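Visitor:
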Amino acid sequence: MRVRGRFYLVFCPAFILSVLLLLSGCKQKPAEIVIVPDSQKNHLQRNHIFGNVKELTSYTLLPEEQYLRSDSLCLDSLRFDTVALVIQHYSPDGYLLDYCKLSPKHDTLTVRVFSYHSDARADSWKEFYPGSQDTVVCNYEYDMNDFLSAEKVYANDSLISHTAYKTDGEGNVIEMLRYYDGYTVKNTSKYNPQGLLCRIDEFEPSGKLFKYVTIEYDNYGDEVNRRAFKGENDLIEYTYTQYQQDGSLQKVLFEDRLHHSKEQYEYTGHDALKNWTSEVRFKDKKLIYKRIRTYIYY
Numbered sequence: 000m001r002v003r004g005r006f007y008l009v010f011c012p013a014f015i016l017s018v019l020l021l022l023s024g025c026k027q028k029p030a031e032i033v034i035v036p037d038s039q040k041n042h043l044q045r046n047h048i049f050g051n052v053k054e055l056t057s058y059t060l061l062p063e064e065q066y067l068r069s070d071s072l073c074l075d076s077l078r079f080d081t082v083a084l085v086i087q088h089y090s091p092d093g094y095l096l097d098y099c100k101l102s103p104k105h106d107t108l109t110v111r112v113f114s115y116h117s118d119a120r121a122d123s124w125k126e127f128y129p130g131s132q133d134t135v136v137c138n139y140e141y142d143m144n145d146f147l148s149a150e151k152v153y154a155n156d157s158l159i160s161h162t163a164y165k166t167d168g169e170g171n172v173i174e175m176l177r178y179y180d181g182y183t184v185k186n187t188s189k190y191n192p193q194g195l196l197c198r199i200d201e202f203e204p205s206g207k208l209f210k211y212v213t214i215e216y217d218n219y220g221d222e223v224n225r226r227a228f229k230g231e232n233d234l235i236e237y238t239y240t241q242y243q244q245d246g247s248l249q250k251v252l253f254e255d256r257l258h259h260s261k262e263q264y265e266y267t268g269h270d271a272l273k274n275w276t277s278e279v280r281f282k283d284k285k286l287i288y289k290r291i292r293t294y295i296y297y
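So in numbering that gives the first Met the number 0, spot 98 of the sequence shown is number 97, and the numbers just go up one at a time.
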């Protein structure tokens, strides 16, 4: 019995240690961060909207008087007038089906309807205005690989805009040519290894570089820094985007160095799926507008 007892005393700590080592090796690994390339994003993802949204309604409100921002300013105590109302509908897979703009009295001003191919490639959109015979139609064209190659916009059957595209092997647009009467403007785009847009070059009709934009992302693939340069390295615009820990939008800061102005967008309300419900815009510390969003999900 003593031998068995001694063996038990020696074996027990070793057994416990082995169990602890086994448990430590079985700790749950952190969730892998999945970054969706731009070419694979639907419209909701491109606009940082979470969940299966069916309907999104946006109300833009202006304060009855312009207020200078101060520590004592209480937005909840201000009175606002609704000046614009937009309703958007999305498909179950996250693509925009239509949107309509309404007056403050809920009169329909503009309706745009989108159509798609069976593989979710955009086919066309049509915009019309109740009470008017005028219509605007956009048709999309594709190359032999089913990548976007052209976009043509017609107003009452007259061509008013023509844009040609070149794409890479993933379908990302790498060159865009806009044709105008007598001249053409070119933009080129580059993407980072995750397939996210990281640089846009804008050229003058003469072919000289006019402006370029660089875009940086955080570890989750969300845009955090956007800088615009004139010429080679003259910074003219800067945008910083801040998120909360759960990925919901918190604040956007924009600086226009050419016109010496600053804008700030604050997102103070979010729903259960992390989509913002309240946006307030300030320009040079002056309150510009408040925007409210409501969501209906599938």
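Note that beta-carbon positions come from the ideal geometry of N, C-alpha and C, so glycine has one too.
Because the structure is a prediction, the values reported are computed rather than measured.
1) Take Val136 and list the residues in its own chain whose beta-carbon comes closer than 6 Å to its own, dropping the five residues that flank it on each side.
2) Please return the same chain residues whose Cβ sits closer than 7 Å to the Cβ of Leu248, not counting the five positions on each side in sequence.
3) Taking Ser38 as the reference, give the member of Val172, Arg292, His105 and Tyr219 with the closest Cα.
4) I'd like the ranges of any beta strand (DSSP E) spanning at least 3 consecutive residues and lying wholly in the segment 222 to 282.
5) Please classify Asn186 as buried or exposed, where buried requires at least 16 neighbouring CB atoms within 10 angstroms.
6) Would you decide whether Gln193 is buried or exposed? Buried here means 16 or more other CB atoms lie within 10 Å of its CB.
7) Assuming Ile210 and Lys189 make a contact with CB atoms under 8 Å, what is their CB distance in whole Å?
8) Exposed or buried, which one is Leu158 when buried takes at least 16 other CB atoms within 10 Å?
9) Output needed for Asp270: all residues of its chain with C-beta closer than 8 Å, excluding positions within five of it in sequence on either side, in chain order.
10) Assuming Gly220 contacts Leu195 under a Cβ cut-off of 8 Å, what Cβ separation, rounded to an integer in Å, is found between them?
11) Considering just the uninterrupted stretch of the alpha helix (DSSP H) at Arg45, what are its terminal residues?
12) List, from N- to C-terminal side, the alpha helix (DSSP H) runs of 4 residues or more that fit wholly inside the segment 79 to 106.
13) Taking Ile154 as part of the beta strand (DSSP E), name the residues at either end of that continuous run.
14) Let's test the definition: count the other Cβ atoms within 10 Å of the Cβ of Val33 and tell me whether it reaches 16, buried, or not, exposed.
15) Which residue spans inside the segment 114 to 201 form an unbroken beta strand (DSSP E) run of at least 3?
16) In the DSSP assignment, find the beta strand (DSSP E) that holds Pro62 and state where it starts and stops.
17) My understanding is that Glu222 touches Ile214, with C-beta atoms under 8 Å, so please give their C-beta distance in whole angstroms.
18) With a threshold of 16 other CB atoms inside 10 Å of the CB of Lys285, please say whether the residue is buried or exposed.
19) Asp80 and Leu61 - do their beta-carbons sit closer together than 8 Å?
20) Take Phe253 and list the residues in its own chain whose beta-carbon comes closer than 6 Å to its own, dropping the five residues that flank it on each side.
21) Taking the straight line between their C-alpha atoms, what separation do you get for Lys100 and Asn224?
22) Distance check for Lys282 and Ser260, CA to CA, integer angstroms please.
23) Leaving out five residues before and five after Tyr115 in sequence, what residues of the same chain have Cβ atoms less than 7 Å from its Cβ?
24) Per the DSSP calculation, Ile291 is bridged to which residue(s)?
25) Could you check if Tyr182 is buried or exposed, using at least 16 other CB atoms within 10 Å of its CB as the buried criterion?
26) Could you tell me how far apart the beta carbons of Tyr297 and Pro91 are, in whole angstroms, since I believe they sit closer than 8 Å?
27) With a threshold of 7 Å (Cβ to nearest heavy atom), would Val110 be considered close to the ligand ZN?
28) By how many angstroms is the C-alpha of Ala119 removed from the C-alpha of Met175?
29) In whole angstroms, what separates the C-alpha of Leu84 from that of Asp97?
30) Cutting at 7 Å between CB atoms, please list the residues of its own chain near Ser49, excluding the five before and the five after it.
Guide: In short, the structure shows the following:
1) Lys125 and Tyr153
2) His47, Tyr242, Tyr266 and Trp275.
3) Val172
4) Runs of the beta strand (DSSP E) inside the segment 222 to 282: 222 to 229, 233 to 242, 248 to 255, 260 to 269 and 275 to 282.
5) buried
6) exposed
7) In the sequence under discussion, the amino acid at residue 210 is Lys, which differs from the Ile named in the question. Actually they do not touch by this definition, with Cβ atoms about 15 Å apart.
8) exposed
9) Thr276 and Tyr294
10) Yes, they are in contact, since the Cβ atoms of Gly220 and Leu195 sit about 6 Å apart, within 8 Å.
11) His42 to Arg45
12) none
13) Contrary to the premise, residue 154 reads as Ala rather than Ile in this sequence. Looking at the DSSP string, the run of the beta strand (DSSP E) that includes Ala154 is Leu147 to Ala154.
14) The residue is exposed, with fewer than 16 neighbouring Cβ atoms inside 10 Å.
15) 121 to 127, 134 to 141, 147 to 154, 157 to 166, 172 to 179 and 182 to 190
16) Residue range Val52 to Pro62 is occupied by the beta strand (DSSP E) that includes Pro62.
17) 6 Å
18) exposed
19) For the 8 Å CB-CB criterion, Leu61 and Asp80 form a contact.
20) Thr238 and Glu262
21) 31 Å
22) Rounded to the nearest angstrom, the two C-alpha atoms are 7 Å apart.
23) Tyr94, Ala121 and Asp122
24) Tyr58 and Ser277
25) Counting the other Cβ atoms within 10 Å of the Cβ of Tyr182 gives fewer than 16, which makes it exposed.
26) 6 Å
27) This structure lacks the ligand ZN; in fact it carries no ligand of any kind.
28) 21 Å
29) 14 Å
30) Going by the sequence as given, residue 49 is Phe instead of Ser. By the criterion of a C-beta distance shorter than 7 Å, Phe49 is surrounded in its chain by Leu272, Lys273 and Asn274, once the five residues flanking it on both sides are discounted.
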